[in-house]
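Participant:
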Amino acid sequence: MNNAQIADILDAIASLLELKGEERFKVVAYQRAARAIALHPKEMVLALKEGDDLRAIPGIGKSIAEKIEELVRSGRLEYFEELKAQFPPGVTELLHIPGVGPKTALKLVQELGVTSLEELEAAVADGRVAGLPGLGAKSAENIERRLRELRAKERRIPLGAALPIAEELLAGLRQVPGVRQASAAGSLRRFRETVGDIDLMGTADDPPAAIAAFVALPQVKAALAQGPTKATVLVHSGLQVDLRLVEHQDFGSLLQHFTGSKEHNVALREWARRRGYSVSEYGIAEIASGRVHHFQREEEVYRFLGLQFIPPEIREARGEIELAARGALPRLVEADDIRGDLHAHTDWTDGQDSLEAMVRAARERGYAYLAITDHSVGRGITNGLSVERLREQRKLLQSVEQQVGGIRVFHGTEVDIRADGTLDYPDEVLAELDVVVASLHSALQQPAERMTERVLRALANPHVDVFGHPSARLLGERPPVELDWEAVFHQASRTGVALEINASPGRLDLKDVHVSRARELGCRFLVNTDAHAARHFAAIRYGVGVARRAWCESQHILNSRPLAEFEDFLYHRQVVSGL
DNA sequence: GCCGTTTTCGGCCCGACTGTTTTCAGTCG
């Protein structure tokens with residue numbers, strides 16, 4: 041049983057307790073515990089095996105720790121089974137409908153015997169829902185609409201699709217006279233890998249005029265709602281965007297509030313409350329006197345509470361507030377720290393731009409180094425390089441490096457890890473290269489055990505420097521491979537192979553939680569774009585966002601290190617080979 | 001059920017919206 045499954049059960053318990061009418065705080069305790077487990081980098085199975093005290097995890101106490109132990113040990117939880125038995129199966133499904141909470145769900149179950157979305161649909165259609173006490177025609181109508189929406193799309197948009205749209209809208213908004221502040225908020229600002237919608241915040245001298253200008257932007261397909269200080273629009277990609285404008289003096293508090301996460305805000309407010317303050321989106325009130333403090337800038341909100349500024353990417357209620365109080369937050373790596381990209385393709389294989397164009401683009405970004413890593417021979421579909429072409433490419437690379445100047449260009453490969461864990465070039469060819477990125481591209485359906493053996497074998501090859509896009513997932517299109525991550529991270533840590541944080545917006549691979557765990561185990565990382573065109577280098581920020589969400593500092597990210605130090609990694613690291 | 005800068009007991013974030021309510025409950029972010 042993995043953490044995600046445990047978290048699901050804890051969430052289900054919370055829902056059942058809600059239905060039961062249990063005290064709200066007990067419900068919240070289970071919801072918090074579920075989230076804590078879902079975000080916990082180390083698998084519970086392993087934590088228990090190693091004798092960790094689960095109560096050290098914020099939100100986990102004696103009672104829930106025991107339940108997790110029972111779940112891990114036996115695969116089931118008596119308490120959960122008993123709770124489930126008290127309700128018709130499927131009733132918690134109703135809670136997934138926005139607008140339907142425990143009270144409404146219980147009413148639907150008890151009065152109408154509805155236990156599934158299908159039955160609910162029927163009950164709405166024949167008017168039984170509208171006839172319930174406390175509900176009316178309007179409620180039934182809303183439920184019907186929400187049911188439809190739930191079916192149509194329960195999909196979130198990849199960060200890489202949403203962020204450019206948000207930035208275009210913000211640029212448009214900033215052109216409007218009188219607009220002084222404009223920023224994205226929400227999960228987009230926290231760099232979550234997918235977002236449900238886009239939240240924008242701003243201040244304007246004349247809010248209604250700014251709102252009017254906003255809904256008239258060319259990106260806007262339709263305005264769903266438009267008030268004097270708020271607008272909700274659809275953009276052409278179908279994404280929903282909310283804009284909210286406030287007084288200049290309150291922008292800091294507003295941005296803080298709407299950036300979230302919800303759990304971070306709850307933790308922050310509890311923390312403040314214990315010190316006599318009440319925090320809301322309108323400012324910070326002194327509880328004793330009622331005096332309210334206003335903040336134009338978000339930094340001031342945290343400073344007022346005696347906290348270091350907490351970067352949005354780590355606002356997830358994972359202990360960041362306590363660290364900020366002690367002034368002990370990590371110095372997260374920044375996009376400007378990145379000095380080179382170690383995974384790039386050219387038109388020698390499936391890239392769009394020439395080798396020279398790629399090198400020039402990297403130098404223009406101010407990079408000190410770049411690796412050209414075209415595909416290996418077995419990737420026929422990408423025109424993978426034969427050994428002869430690979431060697432030919434090196435000659436060109438050396439002359440381009442000289443011509444362009446000011447940037448070190450490494451010759452590398454993105455070599456296929458074959459189904460049996462061998463690599464797609466012989467060792468003596470790999471030995472000629474500066475950088476070897478080993479990646480999975482085929483036979484991605486292997487069962488976990490086989491896939492793990494395959495990867496461990498590949499990482500044991502002393503020529504391999506980097507494990508490329510380790511899970512091979514494509515966001516929203518292809519699931520990650522089945523892999524014993526713990527074993528892989530241990531292997532990478534031992535052999536010194538760097539794990540790639542692939543910044544390509546369709547991948548974001550490794551993902552944040554895995555990066556956290558690998559970092560704990562002593563792994564180091566490369567944030568690479570896997571650029572297939574010069575313009576793709578700009579995607580580096582998505583990968584940096586993942587690294588930041590995993591609390592990575594510059595020391596963890598090898599390609600944020602100066603050239604000399606990076607060459608130490610390539611040429612002089614202690615290579616441990618063998619399985 | 002969790003937790004501790006008043007506390008091992010008695011608290012537990014805050015405000016807005018919606019619908020159905022004649023003063024508020026339920027739900028959401």
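Numbering-wise, the numbering used here puts 305 at position 265 of the first sequence, and it's gapless, one number per residue.
Idealized CB from N, CA, C, for every residue including glycine.
Is E58 near P142, with beta carbons less than 8 Å apart?
Facilitator: Here E58 is near P142, since their CB atoms are less than 8 Å apart.
Participant: Quick one, which of G267, A512, M241 has its alpha-carbon nearest S293's?
Facilitator: M241
Participant: Using the Cα positions of G176 and D290, report the straight-line distance between them to the nearest angstrom.
Facilitator: 38 Å
Participant: Whole-angstrom Cβ separation of S533 and L496, contact assumed at under 8 Å?
Facilitator: About 12 Å; that fails the 8 Å criterion.
Participant: Is D549 buried or exposed, if buried means 16 or more other CB atoms sit within 10 Å of its CB?
Facilitator: So D549 counts as buried.
Participant: Measuring straight from C-alpha to C-alpha, what distance separates Q442 and R513?
Facilitator: Each residue's CA atom was taken as its position, placing Q442 and R513 some 37 Å apart.
Participant: Using DSSP's beta-bridge definition, name the partner residues of V506.
Facilitator: V477, A538
Participant: Determine whether the beta carbon atoms of L157 and E189 lie at a separation below 8 Å.
Facilitator: no
Participant: Are I541 and V555 closer than 8 Å when you measure CB to CB?
Facilitator: yes
Participant: What's the call for Y611, buried or exposed, on a 16-neighbour Cβ count within 10 Å?
Facilitator: exposed
Participant: Can you look up G618 in the DSSP assignment and give me helix, strand or coil?
Facilitator: Since pLDDT at G618 reaches only 45, below the 50 mark, its modelled position is unreliable, and no value is offered.
Participant: Give me the Cα-Cα distance between I620 and G330, rounded to the nearest whole angstrom.
Facilitator: Absent from the model: residue 620. The displayed extent of the chain is 41 to 619, so no value can be given.
Participant: Thinking C-alpha only, which one of R403, S426, E404 is nearest D414?
Facilitator: S426
Participant: In or out: G226 buried (at least 16 other Cβ within 10 Å) or exposed?
Facilitator: Buried.
Participant: Check for me: the alpha helix (DSSP H) holding K66 runs from which residue to which?
Facilitator: 64-79
Participant: In chain order, what residues of the same chain lie with their CB nearer than 7 Å to the CB of V273, ignoring the 5 residues before and after it?
Facilitator: V255, V260, A262, A263, L264, V281
Participant: Taking buried to mean at least 16 other C-beta atoms within 10 Å of its own C-beta, is R214 buried or exposed?
Facilitator: Under this definition R214 is an exposed residue.
Participant: Measuring alpha carbon to alpha carbon, tell me which residue in L79, E83, A574 is nearest G99.
Facilitator: L79
Participant: How would you label I421, buried or exposed, when you count the other beta carbons within 10 angstroms and need 16 or more for buried?
Facilitator: exposed
Participant: In whole angstroms, give me the CA-to-CA distance for E339 and I324.
Facilitator: Taking the straight line joining both Cα atoms gives about 13 Å.
Participant: Among G359, H481, V477, which residue has its Cα nearest to the Cα of V504?
Facilitator: V477
Participant: Please report the distance separating the alpha-carbon of F5 from that of L88.
Facilitator: Because the chain is modelled from 41 through 619, residue 5 falls outside the range shown and cannot be assessed.
Participant: Would you call the segment 160-168 and the segment 199-210 touching, i.e. three or more CB-CB distances under 8 Å?
Facilitator: no
Participant: Using DSSP bridges, identify the partner residues of K270.
Facilitator: R284
Participant: Considering just the uninterrupted stretch of the alpha helix (DSSP H) at Q491, what are its terminal residues?
Facilitator: Position check: residue 491 holds Met in this sequence, whereas Gln was assumed. Its alpha helix (DSSP H) spans residues 488-500.
Participant: With DSSP as the reference, label S533 as helix, strand or coil.
Facilitator: helix
Participant: Determine the DSSP secondary structure at T569, reduced to helix, strand or coil.
Facilitator: coil
Participant: Can you tell me the Cβ-Cβ gap for R371 and T299, rounded? I've got them flagged as a contact below 8 Å.
Facilitator: Going by Cβ atoms, the distance from R371 to T299 rounds to 20 Å, so no, they are not a contact pair.
Participant: As a quick exercise: from P258, E287, L257, S277, pick the residue whose alpha carbon is nearest that of T269.
Facilitator: E287
Participant: Tell me whether the beta-carbon of V449 lies closer than 8 Å to the beta-carbon of E396.
Facilitator: No. Outside cutoff.
Participant: Around the Cβ of P81, are there at least 16 other Cβ atoms within 10 angstroms (buried) or fewer (exposed)?
Facilitator: Answer is buried; the Cβ neighbour count reaches 16.
Participant: Here's a check: name, in chain order, each residue in its chain whose Cβ is nearer than 7 Å to the Cβ of G618, leaving out the five neighbours to either side.
Facilitator: Any reading at G618 needs caution, since the residue's pLDDT is 45, under 50, leaving its predicted position unreliable; the model's value is listed next. The answer, listed in chain order, is A500.
Participant: Rounded to whole angstroms, what's the CA-CA distance from T243 to E208? Just pull it up for me.
Facilitator: 17 Å
Participant: Looking only at its own chain, which residues have a Cβ that is under 6 Å from the Cβ of L160, when we skip the five neighbours before and after it?
Facilitator: V154
Participant: DSSP three-state label for Y342, please.
Facilitator: helix
Participant: Quick one: what does DSSP say N599 is sitting in, helix, strand or coil?
Facilitator: helix
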